[in-house]
Amino acid sequence: ELKVEQNPLFLSMQEGKNYTIYCNYSTTSDRLYWYRQDPGKSLESLFVLLSNGAVKQEGRLMASLDTKARLSTLHITAAVHDLSATYFCAVPPTGSARQLTFGSGTQLTVLP
Amino acid sequence: DVKVTQSSRYLVKRTGEKVFLECVQDMDHENMFWYRQDPGLGLRLIYFSYDVKMKEKGDIPEGYSVSREKKERFSLILESASTNQTSMYLCAAIEEAATEAFFGQGTRLTVV
Chain F
2 ELKVEQNPLF LSMQEGKNYT IYCNYSTTSD RLYWYRQDPG KSLESLFVLL
52 SNGAVKQEGR LMASLDTKAR LSTLHITAAV HDLSATYFCA VPPTGSARQL
102 TFGSGTQLTV LP
Chain L
4 DVKVTQSSRY LVKRTGEKVF LECVQDMDHE NMFWYRQDPG LGLRLIYFSY
54 DVKMKEKGDI PEGYSVSREK KERFSLILES ASTNQTSMYL CAAIEEAATE
104 AFFGQGTRLT VV
């Protein structure tokens, strides 16, 4: 059974600071998704990482994937209040688009 | 640019009613999913479908059924709504090679 663990689950940070959210998964997979969710809203696709070593950046967010370590990171640079949201990673097992296992989510609050 | 559309954002139904939640995608993806999201429980898979007229149970199928008569449409049916089915329902469409996975805007269902 595929397990996906995110940490931290809750993160409070000051504006302007940097931080990293971690996503570990338990079985072989060569791709990983990151999503953002605002309160009361659905999941918005942030990044799709499709191979070992993949790195993607959008604004103050950068995501990377290490399939050998079964680890993805979401790095936040110089946080701003608008980044406050819950961030989820999700992993399909190798060779299957028919399952998608989610982490528990990281609730990020950026304080002024 | 809408990819996955759910028929209602908010829905209020009475206990015992039969409820239909509709999801339509415009990407021609094979796989479609229904999740529910509850505070503290994360996203839980109810049902998924990998082809027209095909369906598979997820982790919490009890009290639900689904229908996929056309590739672009995946319906979730609550046969007899109960108060414990009050939740946020999310539909997703995932391409077979798992290179992208998009969610609809969510339906917040309240059963009274």
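Residue numbers (this note's numbering), protein chains in the order written: chain F, 2 to 113; chain L, 4 to 115. Where a beta carbon is used, it is the ideal one built from N, C-alpha and C, also for glycine.
Would you check if the distance between the CB atom of residue i and the CB atom of residue j is smaller than 8 Å?
i	j	result
Leu33(F)	Leu12(F)	no
Glu33(L)	Asp54(L)	yes
Val22(L)	Ala95(L)	no
Val69(L)	Tyr92(L)	no
Leu10(F)	Tyr26(F)	no
Glu20(L)	Ser10(L)	no
Val92(F)	Ser30(F)	yes
Tyr88(F)	Leu72(F)	no
Thr110(L)	Leu44(L)	no
Measuring only the C-alpha atoms, how far is residue i from residue j?
i	j	result
Phe106(L)	Ala79(F)	28 Å
Ile77(F)	Tyr38(L)	28 Å
Lys60(L)	Ala70(F)	31 Å
Lys56(L)	Arg71(L)	5 Å
Leu112(L)	Arg47(L)	15 Å
Thr86(L)	Ile80(L)	15 Å
Thr28(F)	Val56(F)	20 Å
Asn53(F)	Met14(F)	29 Å
Tyr20(F)	Val111(F)	11 Å
Leu101(F)	Pro113(F)	35 Å
Tyr67(L)	Ser90(L)	13 Å
Phe48(F)	Ala84(L)	36 Å
Phe103(F)	Gln40(L)	11 Å
Lys73(L)	Val27(L)	10 Å
Determine the DSSP secondary structure at residue i, reduced to helix, strand or coil.
i	result
Asp62(L)	coil
His82(F)	helix
Gln100(F)	coil
Thr113(L)	strand
Gln108(F)	strand
Leu19(F)	The sequence shown places Asn at residue 19(F), not Leu. Asn19(F): coil per DSSP, three-state reduction.
Gln88(L)	helix
Val22(L)	strand
Lys6(L)	coil
Met35(L)	strand
Arg17(L)	coil
Gln108(L)	coil
Val5(F)	strand
Ala100(L)	coil
Arg12(L)	coil
Please list, in chain order, the chain L residues whose beta carbon lies closer than 9 Å to that of residue i.
i	result
Leu66(F)	None at all; the shortest Cβ gap to chain L is about 13 Å.
Lys42(F)	Gln108 and Gly109
Gly106(F)	Gly45 and Leu46
Using the beta-carbon of each residue, which ones in chain L are nearer than 7 Å to residue i?
i	result
Val49(F)	Thr102 and Glu103
Tyr34(F)	Ala104
Just to make sure I have the definition right: I need the residues of chain F whose C-beta is within less than 7 Å of the C-beta of residue i. Which are they?
i	result
Leu46(L)	Phe103
Under 9 Å Cβ-Cβ, which residues of chain F neighbour residue i?
i	result
Leu93(L)	Ser43 and Leu44
Can you pull the chain L residues whose beta carbon is under 8 Å from the beta carbon of residue i, in chain order?
i	result
Gly54(F)	The contacting residues do not exist; Gly54(F) stays about 17 Å from chain L at best.
**Prompt:** Which whole runs of the beta strand (DSSP E) in the region 19-81 of chain F are 3 residues long or more, in chain order?
**Reply:** If only complete runs of 3 or more residues are kept, the region 19-81 of chain F shows the beta strand (DSSP E) at 20-26, 33-38, 44-50, 56-59, 62-67 and 72-77, in order along the chain.
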